[in-house]
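Comments concern the structure below.
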Amino acid sequence: MNNALDLFSLEGKVAIVTGGTGVLGGAMAHGLAAAGASVGILGRRAEVAQSVADSITADGGRALPLPADVLDKETLIAARETIMGAWGRIDVLVNAAGGNMSGATIFNDVTFFNMQEDAFDQVVKLNLHGTLLPSQVFGEVMAEQGSGSIINISSMAAEQAITRVLGYGNAKAAIDNFTRWLAVEMAQKYGEGIRVNAIAPGFFIGEQNRDFLLNPDGTHTARGQLIIDNTPMSRFGEPDELVGTAIWLASSAATFITGIIVPVDGGFSAFSGV
23 MNNALDLFSL EGKVAIVTGG TGVLGGAMAH GLAAAGASVG ILGRRAEVAQ
73 SVADSITADG GRALPLPADV LDKETLIAAR ETIMGAWGRI DVLVNAAGGN
123 MSGATIFNDV TFFNMQEDAF DQVVKLNLHG TLLPSQVFGE VMAEQGSGSI
173 INISSMAAEQ AITRVLGYGN AKAAIDNFTR WLAVEMAQKY GEGIRVNAIA
223 PGFFIGEQNR DFLLNPDGTH TARGQLIIDN TPMSRFGEPD ELVGTAIWLA
273 SSAATFITGI IVPVDGGFSA FSGV
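Numbering (my numbering), first residue to last: 23 to 296.
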């Protein structure tokens with residue numbers, strides 16, 4: 023190969039980003055498209071999925087909205103049919119759908135002892151089942167092709183205990199194990215061309231956590247400042263800072279990489295606090 027940068031090209035590849043209507047998923051969808059991929063924007067909010075797809079198209083990329091629910095297999099199968107009808111293959115799946123729920127967060131009136139089991143189940147289902155089902159539906163195409171890259175989204179809450187986020191932390195810890203398990207399963211049964219990895223973001227400002235981390239005037243809350251104090255780079259991440267890792271894991275530059283969880287966290291996971 024004459025140009026090493028060609029290893030990172032996604033030209034000719036087809037990617038699906040679940041949660042592509044969110045801040046982090048949307049950033050990765052834009053990044054994959056800029057690297058050459060045709061990208062399906064999968065999310066429950068049809069109008070937002072259309073808006074993200076339109077934005078990618080306006081930037082010169084290729085994108086389709088895929089209104090679907092990651093917990094509804096029938097809508098995922100319909101999305102698969104749309105992608106296969108339009109582009110004929112699926113090379114990359116980014117499982118970016120997920121998030122936290124207040125009922126499974128130990129905060130204010132919710133304690134470990136009065137937290138409702140249903141709330142815990144809901145956040146685990148959103149994150150774990152919401153990764154499992156798309157991996158089944160879209161990963162089946164990869165198995166038939168003998169090639170593909172599945173990229174799950176983990177969290178710093180999977181690696182070490184972070185106060186409050188009981189349900190979310192347990193769900194993301196399960197994502198880490200699922201990533202390793204599926205990496206082995208795919209490689210052993212369907213060939214070395216199918217890889218499964220995860221990205222573990224550090225702390226990024228999104229729709230769900232903004233009020234926990236930032237005051238209305240933009241200054242840090244006490245919890246936000248505690249995170250900054252334990253992040254060696256002393257700042258929150260920017261959504262675009264996930265793009266490079268996503269492109270790398272999706273591309274030919276990572277053909278011998280499977281079953282790993284990559285922190286993108288400003289050093290948070292490396293720091294002991296001392």
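Ideal Cβ positions, reconstructed from N, Cα and C, are used throughout, including at glycine.
Nothing here was measured: the structure is a model prediction, and the numbers come from that model.
Quick check: the Cα distance between residue i and residue j, rounded to an integer number of angstroms?
i, j, result
"Leu93", "Lys147", "8 Å"
"Asp198", "Leu204", "10 Å"
"Gly170", "Glu139", "36 Å"
"Gln167", "Phe160", "11 Å"
"Phe134", "Gly82", "49 Å"
"Gln182", "Asn149", "17 Å"
"Val61", "Thr43", "12 Å"
"Met322", "Val286", "Because the chain is modelled from 23 through 296, residue 322 falls outside the range shown and cannot be assessed."
"Ala209", "Arg217", "7 Å"
"Thr40", "Gly120", "9 Å"
"Ile78", "Ala51", "8 Å"
"Asp28", "Leu88", "29 Å"
"Ala59", "Val132", "44 Å"
"Ala80", "Asn231", "29 Å"
"Asn237", "Gly48", "24 Å"
"Ser176", "Val116", "11 Å"
"Thr185", "Leu154", "26 Å"
"Ile250", "Glu260", "14 Å"
"Thr104", "Ala90", "11 Å"
"Asp233", "Ile269", "30 Å"
"Val145", "Asn25", "44 Å"
"Gly34", "Thr253", "38 Å"
"Met255", "Val265", "18 Å"
"Val114", "Ile172", "6 Å"
"Val187", "Asn122", "8 Å"
"Gln158", "Glu214", "18 Å"
"Gly246", "Tyr212", "44 Å"
"Ala195", "Met137", "19 Å"
"Gly189", "Glu96", "26 Å"
My output table needs one value for residue i: the three-state DSSP class, helix, strand or coil.
i, result
"Gly48", "helix"
"Ser60", "strand"
"Pro261", "helix"
"Ile283", "strand"
"Phe129", "coil"
"Ala90", "coil"
"Ala80", "helix"
"Ile99", "helix"
"Asn174", "strand"
"Arg111", "coil"
"Thr104", "helix"
"Met208", "helix"
"Glu69", "helix"
"Val296", "coil"
"Leu248", "helix"
Could you please give me the residues that DSSP links to residue i through a beta bridge?
i, result
"His242", "Leu236"
"Thr40", "Leu64, Asn117"
"Val222", "First, the residue type needs correcting, since residue 222 is Ala and not Val in the sequence shown. Ala222 is bridged to Pro285."
"Arg217", "Ser171"
"Ala85", "Val61"
Within this structure, are the beta carbons of residue i and residue j separated by less than 8 Å?
i, j, result
"Ile227", "Phe258", "yes"
"Val163", "Arg102", "yes"
"Leu98", "Pro156", "yes"
"Ala222", "Ala180", "yes"
"Leu64", "Ala75", "no"
"Asn219", "Thr280", "yes"
"Ala272", "Leu54", "yes"
"Ala224", "Gly288", "Note that residue 224 is Gly in the sequence shown here, rather than Ala. Taking 8 Å as the Cβ cut-off, Gly224 and Gly288 qualify as a contacting pair."
"Trp109", "Val36", "yes"
"Ile38", "Ile112", "yes"
"Val70", "Glu229", "no"
Less than 8 Å between CB atoms is the rule here; does residue i satisfy it with respect to chain D?
i, result
"Gly42", "Any reference to chain D falls outside this structure, which holds one protein chain only."
Legend entry - Start-end ranges of the beta strand (DSSP E) lying completely within the segment 138–202, minimum 3 residues: 170–175
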